[in-house]
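**Q** My structure is below; once you've seen it, I'll send some questions.
Next comes the structure, spelled out in structure tokens:
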């Protein structure tokens, strides 16, 4: 399917998605809030399929667009440039970490992806890639049909948009499990088994946050097939909204918040 992937946000997830995209033959237009000149080293690493732009430029260029900025900044996304586009939402709600909270999210009136969709009313939002990091995308990718191919979950309200994202994920080397609409995205969000834990196992108790990150960098990854992802999504129980911290200030979830 290779085309052009616009990426708004160049942090850990945005950069990892960019690497997977160019590896799959996609053109990448990547942006951040600091301006294209800040992305010279990353673009040089990515090679001739990549270039830097402003967020509006990345939105305009992309056949698909990834929004991978802090959720607190979602209203900075370029609405007009994203109109008519499929927008992949990697953002996670984390009031205990960021200090940014929304009453309608805390009350489970909306999921965070429904909030983003409400703002991007002329776009089709698909929740995906919120539960990965660069190591997972790099090490668990497999050819189509491989017996140990991992599946990634998605949610969205537009079937055509979800089909586009499924093709992208397949190009990256993964199967996809459609968990339903954006109202169901809590099933794959923070504090659920599909927020990275399914792919690494339970974090050992008693670790500090730096120790957790060090453990994540070395622990063996677990190929997780579509049947397992579907079962975990169907059986998980809803927890309080947002990335939660334990009383010892260790995160329940197992990856840096984006």
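Residue numbers (the numbering used here): 1 to 258. Even for Gly, the Cβ is constructed at its ideal location relative to N, Cα and C.
For a minimum of 3 consecutive residues, which ranges assigned as the beta strand (DSSP E) are wholly contained in the region 60-135?
**A** Complete beta strand (DSSP E) runs here, min 3: 64-67, 86-89 and 124-127.
**Q** I'd like to confirm the pairing. Which residues does DSSP put opposite residue 177 in its beta bridges?
**A** For this step, residue 177 is matched to residue 177 along the chain shown. Paired residues: 153.
**Q** Helix, strand or coil: how does DSSP classify residue 169 here?
**A** Here residue 169 is taken as the residue at index 169 of the chain shown, counted from 1. Residue 169 falls in the helix class under three-state DSSP.
**Q** Classify residue 10 as helix, strand or coil using the three-state DSSP reduction.
**A** For the purposes of this step, residue 10 is taken as residue 10 along the chain shown, with counting starting at 1. Three-state DSSP puts residue 10 in coil, outside helix and strand.
**Q** Within 10 Å of its beta-carbon, does residue 187 have 16 or more other beta-carbons around it, so buried, or fewer, so exposed?
**A** Taking the first residue of the chain shown as position 1, residue 187 is located at position 187. With 16 or more Cβ atoms within 10 Å of its Cβ, residue 187 is classed as buried.
**Q** Can the beta-carbon of residue 135 be found less than 8 Å from the beta-carbon of residue 175?
**A** Taking the first residue of the chain shown as position 1, residue 135 is located at position 135. Taking the first residue of the chain shown as position 1, residue 175 is located at position 175. Cβ atoms of residue 135 and residue 175: not closer than 8 Å.
**Q** Please go through the same chain and pick out, in chain order, the residues whose beta-carbon is closer than 6 Å to the beta-carbon of residue 14, but skip the five residues on each side of it.
**A** Numbered from its first residue, the chain shown carries residue 14 at position 14. Excluding residues within five positions, the ones whose Cβ falls inside 6 Å are 7 and 68.
**Q** Taking just the CA atoms, how far does residue 110 sit from residue 96?
**A** Here the question's residue 96 lines up with position 96 in the chain shown. Here the question's residue 110 lines up with position 110 in the chain shown. Looking at the two C-alpha atoms, the distance is approximately 18 Å.
**Q** Compare the C-alpha of residue 61 against each of 27, 145 and 89 and name the closest.
**A** Here residue 61 refers to the residue found at position 61 when the chain shown is read from its first residue. Minimum Cα distance to residue 61 is reached at 27.
**Q** Please report the distance separating the alpha-carbon of residue 85 from that of residue 205.
**A** The residue labelled residue 85 in the question sits at position 85 within the chain shown. The residue labelled residue 205 in the question sits at position 205 within the chain shown. Rounded to the nearest angstrom, the two C-alpha atoms are 42 Å apart.
**Q** In three-state terms, what does DSSP make of residue 52?
**A** The residue given as residue 52 occupies position 52 in the chain shown. In this structure, residue 52 counts as strand in the three-state DSSP scheme.
**Q** Could you pull the start and end residues of the alpha helix (DSSP H) that residue 203 belongs to?
**A** Walking along the chain shown from the start, residue 203 turns up at place 203. Looking at the DSSP string, residue 203 is not in any alpha helix (DSSP H), and its letter there is neither H nor E.
**Q** Would you grab the beta carbon distance between residue 137 and residue 64 for me? Rounded to a whole angstrom, and I think it's under 8 Å.
**A** Counted from its first residue, the chain shown places residue 137 at position 137. Counted from its first residue, the chain shown places residue 64 at position 64. Incorrect: roughly 16 Å between the Cβ atoms, too far for contact.
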